[in-house]
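Residue numbers (the UniProt record's numbering): 1 to 67.
In what follows, a single structure is set out as structure tokens and then discussed.
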């Protein structure tokens with residue numbers, strides 16, 4: 001059994017591949033991940049700025065997937 005690793009997607013990307021990587025890791029559609037992310041962040045923090053900061057931090061922490 002191989003161990004999965006959370007990485008930014010090299011194929012399923014719009015900006016940095018962070019959301020595509022999360023979708024590939026959890027087996028979910030990128031659109032569903034985006035909807036969940038927006039609902040959670042706006043419900044918890046109420047700010048688009050926080051959403052941008054979380055995305056930026058995640059894209060810096062996640063490594064690029066090897067194609």
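All residues carry an ideal CB built from backbone N, CA and C; glycine is no exception.
State yes or no: is the C-beta of residue i within less than 8 Å of the C-beta of residue j?
| i | j | result |
| --- | --- | --- |
| residue 65 | residue 8 | yes |
| residue 41 | residue 50 | yes |
Would you verify that the beta carbon of residue i is, or is not, closer than 8 Å to some beta carbon of chain C?
| i | result |
| --- | --- |
| residue 41 | Of the protein chains in the structure, only one exists, and it is not chain C. |
Below 7 Å CB to CB, which residues in the same chain sit around residue i once its five sequence neighbours on both sides are set aside?
| i | result |
| --- | --- |
| residue 62 | 6, 7, 8, 18, 21 |
| residue 58 | 18 |
| residue 4 | 25 |
| residue 16 | 8, 59 |
| residue 54 | 41 |
Below 8 Å CB to CB, which residues in the same chain sit around residue i once its five sequence neighbours on both sides are set aside?
| i | result |
| --- | --- |
| residue 32 | 23 |
Secondary structure, alpha helix (DSSP H): runs of 4+ residues fully inside the UniProt domain "Phage shock protein PspC N-terminal" (4–64): 18–26, 30–44, 48–61
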